[in-house]
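Everything on this sheet refers to the single structure shown next.
Protein chains: 2
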Amino acid sequence: MPARRTIGVDLGGTKLLAGAVDQALGVHHRAQRTVTGLDQRALLDVAVDVVAEVRASAGAEVAAVGFGLPCLIDRRTGIALMGINTPLADIAFADVMTERLGLPVFVENDGNAAAIAEHRAGAARGVSEAVILTIGTGIGGGLILRGEPYLGAIGAAAELGHIVIDYHGPKCQGNCPNHGCVEVYASGTALAVEARRLAAELPDSGLAQAQRAGRELAGPLITELAHDGDAAATEAISLIGSRLGIAMASLVNIFNPQVIVIGGGVIAAGELLLAPARAAVTERTLAAVHADLRIVPARFGVEAGMIGAAAIAFDGLEAADR
Amino acid sequence: MPARRTIGVDLGGTKLLAGAVDQALGVHHRAQRTVTGLDQRALLDVAVDVVAEVRASAGAEVAAVGFGLPCLIDRRTGIALMGINTPLADIAFADVMTERLGLPVFVENDGNAAAIAEHRAGAARGVSEAVILTIGTGIGGGLILRGEPYLGAIGAAAELGHIVIDYHGPKCQGNCPNHGCVEVYASGTALAVEARRLAAELPDSGLAQAQRAGRELAGPLITELAHDGDAAATEAISLIGSRLGIAMASLVNIFNPQVIVIGGGVIAAGELLLAPARAAVTERTLAAVHADLRIVPARFGVEAGMIGAAAIAFDGLEAADR
């Protein structure tokens, strides 16, 4: 019988990804749900349902479930306080789900979960100072400092999407009261906004043609068109990449990291996103701090948060065994 | 005979402060020099001279000298690589000064030095997560994370003055290639720029009268006029405070700190600077992360960097004794 597995669940603003994961962080069964527009109650029901599906196909005993939540989590109380792009608020998520699932449940912020996965077995492996950004509906963040996840005073650190890049800028997304955060300029949501603008300005572009054909100008389609060579789609991604690079320049001056790892759905754009981001960092920071810096895609891509959530569940089990 | 002392030297963009300091971080003799416009050679001569002066009046044996430098310092080589507002570049500062002074010399970034002083015996005492900003010619930074100074991959972290708050903004100061850093909006240099603008706009203001009387509209005078109730001077300081608050909001989202400590010459403005900064943080961040946050002046005020430099010299001696 194979060794026990955990289920990792990454609960994004648009999608929920779940998978059965082994201790070496290999993924054995995957499931996905769309969660746009759900309220908290419906979201919990979907989470219970997807865990049941993955558990049934896990191919081994499932010992625990880890959730990556797009929320501030107060580590003193275990309460998921609130998130920018999620209906979750003031809920003792681990307790509630432990009861509903009949399995030990562990929670972590989704950006931190992605950071943990990339640090253990991905693009930040062997590195002591790493910054992780996950670009999806919003922008999540995770920090590995002196070789360990950095959580801050109550566990609410690394909200790296909420770094201001233009203080005169528009109101940020969802519950964030700030203005001009990088999230409002460079998330997947912002990519779709720029793509719609370019489609209107350039009626001959692939973006405009796709829109006229009734297709939704969201991240996956924009990325597909850009990879196919559409100049407008490429420009939309490049614009997002340069803006990400501006926030990265601040992060480089703050952390002097060895690596910046980019995950989340938008990293499907690969070098089309990363090259302009690197150019902005090179232009805006001193050579001494960017000379040895790597800016790279997450090894686990869009699955980094899910795999990290599973890793946290293994950690939780180990801590309980001691 | 009193216990041995160290000399701390804080080398700012405009002024050099030095003092003989005891192990409890009490200051026993102070000296000051203006260093504006000096080249590297002249700056080293001034540093040698000021150390000799303080040493002669220290009232006890001086065992070592610590320097807080406004520079990136590569910890792998000990080289002071470059700074934004200083002529120091590519110099093995500790080695050079050890030879010239005939005393052990230790160096640290000036913002880190201020952070160390405030964490050991000042406004961040007993706290594990603290952000320190020093507002002078430029804006320096220091980080205490999990109870220890955070230095980054090569020792160049915590350049907190070089967080972008408006990416369309003007070129930053000195050697910084970035645009729209908080340093260009909220340093002592920026305060003087705003005061001159307000003096021109408001010819009846105390600022304008002082300028007509031939006085230089720099930090100390602006602060004095504001404390005396001049509305224009108060407005200049308030503007700088709100802009600082914007960068602080990003830092709060990044670090979820327990305390933000403000030092450097401009903190002489006290609550006139801090109240608008706090208001911006409250407006721009989630209640959960700012609820327990303190934003306070450095206990050691403008001397935090100097005292921290002396503390580093004691640390260096201790490490050598082991």
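From first to last, the protein sequence lines stand for chains A and G.
Numbering of the first sequence is given in the numbering used here, commencing with residue 1 and proceeding in unit increments.
Numbering of the second sequence is given in the numbering used here, commencing with residue 1001 and proceeding in unit increments.
The beta-carbon is built from N, C-alpha and C at its ideal position, and this holds for glycine as well.
For residue i, the three-state DSSP class (helix, strand or coil)
{"i": "G:E1129", "result": "coil"}
{"i": "A:G316", "result": "helix"}
{"i": "G:V1051", "result": "helix"}
{"i": "G:F1106", "result": "strand"}
{"i": "G:G1263", "result": "strand"}
{"i": "A:I135", "result": "strand"}
{"i": "G:G1149", "result": "With the sequence shown as reference, residue 1149 of chain G is identified as Pro, and Gly is not the correct amino acid for it. Looking at G:P1149 - three-state DSSP - the assignment turns out to be strand."}
{"i": "G:V1296", "result": "strand"}
{"i": "A:I165", "result": "coil"}
{"i": "A:G174", "result": "coil"}
{"i": "A:T34", "result": "strand"}
{"i": "G:L1274", "result": "helix"}
{"i": "G:I1254", "result": "helix"}
{"i": "A:I154", "result": "coil"}
{"i": "G:L1143", "result": "strand"}
{"i": "A:L221", "result": "helix"}
{"i": "A:L286", "result": "coil"}
{"i": "A:L244", "result": "helix"}
{"i": "A:L207", "result": "helix"}
{"i": "G:E1194", "result": "helix"}
{"i": "A:R120", "result": "helix"}
{"i": "G:N1112", "result": "helix"}
{"i": "G:R1100", "result": "helix"}
{"i": "G:T1234", "result": "helix"}
{"i": "G:T1086", "result": "coil"}
Own chain, CB closer than 7 Å to residue i, minus 5 neighbours either side, in chain order
{"i": "A:G141", "result": "G111, I132, L133, A158, E159, L160, G161"}
{"i": "A:I139", "result": "L133, L160, G161, V182, E183, A186, S187"}
{"i": "A:A190", "result": "V184, I240"}
{"i": "A:G102", "result": "none"}
{"i": "A:A249", "result": "A280, V281, R284, T285"}
{"i": "A:C71", "result": "A80, L81, M82, G83, T86, L88, N109"}
Beta-carbon neighbours of residue i, restricted to chain A and to distances below 8 Å
{"i": "G:P1104", "result": "Within 8 Å Cβ-Cβ: nothing; G:P1104 doesn't reach chain A, min ~26 Å."}
{"i": "G:S1250", "result": "H162, I163, V164, S250"}
{"i": "G:M1082", "result": "L286, A288"}
Own chain residues within Cβ distance below 6 Å of residue i, not counting five before or after
{"i": "A:V54", "result": "I7, A18, A20, H29, A31"}
{"i": "A:L273", "result": "I237, G241"}
{"i": "A:G169", "result": "H179, G180"}
{"i": "G:G1245", "result": "A1277, A1280, V1281"}
{"i": "G:V1380", "result": "Any answer about residue 1380 of chain G is impossible in this case: the structure gives chain G only from 1001 up to 1322."}
{"i": "G:E1061", "result": "R1004"}
Same chain, Cβ closer than 8 Å to residue i, neighbours up to 5 away in sequence not counted
{"i": "A:A58", "result": "R5, I7, A20, H28, H29"}
{"i": "G:L1251", "result": "V1131, L1160, I1163, P1257, I1260"}
Neighbour list for residue i in chain G, Cβ cutoff strictly below 7 Å
{"i": "A:H168", "result": "D1166"}
{"i": "A:L145", "result": "L1145, Y1150"}
{"i": "A:N253", "result": "E1159, H1162, I1163"}
{"i": "A:E194", "result": "Ordered by position in chain G, no residue passes the 7 Å Cβ test against A:E194, which lies about 16 Å from the chain."}
Per-residue contacts from residue i into chain G (C-beta, under 8 Å)
{"i": "A:R284", "result": "V1164, P1177, N1178, H1179"}
{"i": "A:I246", "result": "V1164, Y1167"}
Contact list for residue i against chain A, beta-carbon separation under 7 Å
{"i": "G:Q1258", "result": "A153"}
{"i": "G:A1156", "result": "N256, A288, V289"}
{"i": "G:N1109", "result": "By Cβ distance, chain A contributes nothing, its closest Cβ being about 11 Å from G:N1109, past 7 Å."}
{"i": "G:E1129", "result": "G152, A153"}
Within chain A, partners of residue i - CB distance below 9 Å
{"i": "G:E1118", "result": "Going along chain A, no residue has its Cβ under 9 Å from G:E1118, so there is no contact; the nearest lies around 17 Å."}
Contact list for residue i against chain G, beta-carbon separation under 9 Å
{"i": "A:E235", "result": "Within 9 Å Cβ-Cβ: nothing; A:E235 doesn't reach chain G, min ~18 Å."}
{"i": "A:L72", "result": "N1256, L1286, A1288, V1289"}
Residues bridged to residue i (per DSSP)
{"i": "G:T1006", "result": "G:V1021, G:A1064"}
{"i": "A:A80", "result": "A:I73, A:I91"}
{"i": "G:H1179", "result": "G:K1171"}
{"i": "A:V27", "result": "A:V21"}
{"i": "A:L16", "result": "A:L11, A:R33"}
> With contact counted as at least three CB pairs below 8 Å, one residue from each stretch, are the segment 112-126 of chain A and the segment 90-101 of chain A in contact?
Replying inline: no
> Can at least three beta-carbon pairs, one atom from the segment 192-208 of chain A and one from the segment 137-157 of chain A, be found at a separation below 8 Å?
Replying inline: no
>> Whether or not the segment 1287-1303 of chain G and the segment 1259-1271 of chain G are in contact is what I'm after, with contact meaning three or more pairs of Cβ atoms, one per stretch, closer than 8 Å; do they touch?
In response: yes
> Taking one C-beta from the segment 307-317 of chain A and one from the segment 65-76 of chain A each time, how about it: are there three or more such pairs within less than 8 Å?
Replying inline: yes
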